[in-house]
């Protein structure tokens, strides 16, 4: 097969990278008998999704290494913390995803190619919340 004869379709490129951190929280807004009203913890997984209509050399939406400041933020500010003690909101997965999208767009987005599409926060293997970022 002559690989040079394969047509390259038009469209957008998308990448994702997953990060992890450990943290505890409680959701005091829930009724006292609800299990999530009690202190508990999660092995959080956070996935950022970025897109670009064209690739930067050598063929990246964004170099995965350029996302290291996001991992550093998770490690220094959220890892092994009680989220309800440090965040200015009740730390549900939905609000955490929105907060992390805000941090990313404020602190990392201006310095990298590609545009943040969404942030997904997974508390367990079977539950997650995603915040979709509107076009900037």
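In the working numbering, the protein residues as written are 5 to 140.
All residues carry an ideal CB built from backbone N, CA and C; glycine is no exception.
Query raised in the report: Nearest-angstrom Cα distance between residue 54 and residue 19?
Result: 5 Å
Query raised in the report: Going by other Cβ atoms of all chains shown within 10 Å of its Cβ, with 16 needed for buried, is residue 12 buried or exposed?
Result: exposed
Query - residue 105 versus residue 92 - alpha carbon distance - result: 15 Å
Query - Buried/exposed call for residue 110, threshold 16 Cβ in 10 Å - result: exposed
Requested in this report: Please list the segments of the alpha helix (DSSP H) lying wholly inside the region 51-85, counting only runs of 4 or more residues, in order along the chain.
Outcome: 72-77
Query raised in the report: residue 108 and residue 52 look like a contact to me (Cβ under 8 Å); what is the Cβ gap, rounded to whole Å?
Result: 6 Å
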